[in-house]
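Q: Below you will find the structure I want to go over with you.
Protein chains: 2
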Amino acid sequence: MPDDAGPTRIQARNRARILEAGLDVFSTDGFRGATLDAIAGASGLSKPNLLYYFSSKEAIYLALLDSLLQTWLDPLRALDPHGDPVEEILAYVRRKLTLARDFPRESRLFAGEILRGAPQIEHALAGDLRDLVDSHAIILSEWMRAGRIARSDPHHLIFSIWALTQHYADFDVQVRAVLGDERDAWAEAATEVEQHFRRVLRPD
Amino acid sequence: MPDDAGPTRIQARNRARILEAGLDVFSTDGFRGATLDAIAGASGLSKPNLLYYFSSKEAIYLALLDSLLQTWLDPLRALDPHGDPVEEILAYVRRKLTLARDFPRESRLFAGEILRGAPQIEHALAGDLRDLVDSHAIILSEWMRAGRIARSDPHHLIFSIWALTQHYADFDVQVRAVLGDERDAWAEAATEVEQHFRRVLRPD
DNA sequence: CAAAGATTTGACCGTCTGGTCAAAGCGACG
DNA sequence: CGTCGCTTTGACCAGACGGTCAAATCTTTG
Chain A
1 MPDDAGPTRI QARNRARILE AGLDVFSTDG FRGATLDAIA GASGLSKPNL LYYFSSKEAI
61 YLALLDSLLQ TWLDPLRALD PHGDPVEEIL AYVRRKLTLA RDFPRESRLF AGEILRGAPQ
121 IEHALAGDLR DLVDSHAIIL SEWMRAGRIA RSDPHHLIFS IWALTQHYAD FDVQVRAVLG
181 DERDAWAEAA TEVEQHFRRV LRPD
Chain B
205 MPDDAGPTRI QARNRARILE AGLDVFSTDG FRGATLDAIA GASGLSKPNL LYYFSSKEAI
265 YLALLDSLLQ TWLDPLRALD PHGDPVEEIL AYVRRKLTLA RDFPRESRLF AGEILRGAPQ
325 IEHALAGDLR DLVDSHAIIL SEWMRAGRIA RSDPHHLIFS IWALTQHYAD FDVQVRAVLG
385 DERDAWAEAA TEVEQHFRRV LRPD
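Chains as they are written, first to last, in this note's numbering: chain A, 1 to 204; chain B, 205 to 408.
Here it is, written out as structure tokens:
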């Protein structure tokens, strides 16, 4: 196993390769469906070589989930409590949708993990995630109290944003099957989702 | 293999047992993660006995998906073109949410299949599903043209309903982690989702 | 360039998994 | 009660899978 003290150039490159290949394989086949041979093949490394850089299949998966969760939470962190409420929330929605469009594999990997009961990251959900959501729910509450956005439960408002934006990444196949190949799902999603939340947020 | 001509009582009972156990196992572990041994254990039958009733692991999975898809589409079929637009759509939303609450395993099985690219039911998506959605999109379009609900893209309106209702079933773990154990996620979801779509649908 | 360390690999192992098969149990019916 | 067809199962198999290991190769550095 490589020493943490001095990660060489080779180590950095190969670890990155493995994670990239792992993302590909895990996001399409799930944790159990993925095989070390598949990841080895996709990364261009031999199987024992994989296990030289990561102690097990699970270690690769965990490394992916870990870096993923941060990327996933960042857009919410960027929400500015002092900005214009509707525009701040819409900007968050846009960031989330862009993320879903540009990183569908990450989105699906995360979705698969949650779907199966989040055995590996339940603690992160009940910890970091919950804290972050709670603190932003307070901001939303204040905006609602001030009459600047429509009143609703702030937690469920956040859920609705997650649900809608992730839907286009996670259920991509279904979306495309229904819309047909000639329509540009992502372009439409961008305008429709924005309009959707403008309606939801507009104070009565 | 049992003859299709005369399904005996034993056959009906055991097939039902297998499907029930299969639903349990497939919905938590996914197709690849599920094992025949696990299904055998959960159903109380021996592994070779499973394969006496279904020709393969895939056959069990397909039988589940097949019956599932119908259940999943029924609520949309029940939408009445001659009823009150807002109430009809809200009734659909409620049916969907109830379905998600009462049949989370089915919901997750379906979600997992789509997530992995729907290898087994892509044809059904591009066929039955698409046709059904298209025909109802027309109804929605007419309601919009008549000014009875807010204007938007009808397909994306349907997506938003699916996204929100399924979110509570498929991402149950995340929802509960964020809300905490003391809150009743489903009860809140019912009122919040209804309010959400009243806003989305209300004509300007 | 030689030694030390980092990296890579072919061969291998124990276990799990989907599936087969022949034989045994069992229930209905003449 | 015997027989015939439906049902059930223990034993087994071939391939896949996660992981190990000792040996080989390549890099770095004194």
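Don't be surprised by glycine CBs; every beta carbon is placed ideally from N, CA and C. In this text, all values refer to a predicted model and were calculated from it rather than measured experimentally.
Should D207 of chain B be labelled buried (16 or more other beta-carbon atoms within 10 Å of its own) or exposed?
A: Residue confidence is low: D207 of chain B scores 41 on pLDDT, short of 50, so the model does not pin down where it sits. No coordinate-derived value is stated.
Q: Between the segment 44-58 of chain A and the segment 146-163 of chain A, do at least 3 Cβ pairs fall closer than 8 Å?
A: No: the two stretches stay apart, fewer than three of their Cβ pairs being nearer than 8 Å.
Q: Kindly provide the ranges of any alpha helix (DSSP H) runs that are 4 or more residues long and lie completely inside the segment 358-393 of chain B, ordered along the chain.
A: Qualifying alpha helix (DSSP H) stretches, in chain order: 358-374, 376-383.
Q: Helix, strand or coil for T239 of chain B, going by three-state DSSP, please let me know.
A: The answer is coil: DSSP assigns T239 of chain B none of H, G, I, E or B.
Q: S160 of chain A touches chain B at which residues, Cβ-Cβ below 7 Å?
A: By Cβ distance, chain B contributes L368, H400.
Q: Just the Cα atoms here: how many angstroms apart are A5 of chain A and A12 of chain A?
A: Legend: pLDDT at A5 of chain A = 47, less than 50; position of this residue unreliable, value from coordinates given subsequently. Roughly 13 Å separates the two Cα atoms.
Q: So, with DSSP's three-state summary, where would you put G287 of chain B?
A: Correct three-state label for G287 of chain B: coil.
Q: Taking 8 Å as the limit between beta carbons, can you name the residues of its chain near L223 of chain B, skipping five residues before and five after?
A: Around L223 of chain B: I264, A267, L268, S271.
Q: Check whether the Cβ of H359 of chain B lies closer than 8 Å to any Cβ atom in chain A.
A: With 8 Å as the cut-off, H359 of chain B counts as an interface residue toward chain A.
Q: Report yes if the CB atom of T232 of chain B is closer than 8 Å to the CB atom of G44 of chain A, and no otherwise.
A: No; because the gap between Cβ atoms is not below 8 Å, this pair is not in contact.
Q: If I measure Cβ to Cβ from S46 of chain A and keep anything under 8 Å in the same chain, skipping five residues before and after, which residues do I get?
A: Answer for S46 of chain A: A40, listed in chain order.
Q: Are the beta-carbon atoms of V297 of chain B and T369 of chain B separated by less than 8 Å?
A: Going by C-beta atoms, V297 of chain B is nearer than 8 Å to T369 of chain B.
Q: Check whether the segment 83-102 of chain A and the segment 334-354 of chain B touch, using three or more Cβ-Cβ pairs below 8 Å as the test.
A: Too few Cβ pairs lie closer than 8 Å, so no.
Q: In three-state DSSP terms, what is D332 of chain B?
A: Helix.
Q: Three Cβ pairs or more, each shorter than 8 Å: is that satisfied between the segment 107-114 of chain A and the segment 315-332 of chain B?
A: Yes, the segment 107-114 of chain A touches the segment 315-332 of chain B.
Q: Helix or strand or just coil, what does DSSP make of S135 of chain A?
A: Here S135 of chain A sits in helix by DSSP.
Q: Just to confirm before moving on: does the CB-CB distance between F363 of chain B and H136 of chain A stay below 8 Å?
A: No, these two residues do not count as a Cβ contact at 8 Å.
Q: Which word fits H196 of chain A, buried or exposed, when buried means at least 16 other C-beta atoms lie within 10 angstroms of its C-beta?
A: Looking at its Cβ environment, which holds 16 or more other Cβ atoms inside 10 Å, H196 of chain A is buried.
Q: Does the CB of M1 of chain A have a neighbour CB from chain B at under 8 Å?
A: In this prediction, M1 of chain A has a pLDDT of 42, which is less than 50 and means its spatial position is unreliable; nothing more can be read from the coordinates.
Q: Starting from A267 of chain B, follow the alpha helix (DSSP H) in both directions and report where the run begins and ends.
A: Residues 261-281.
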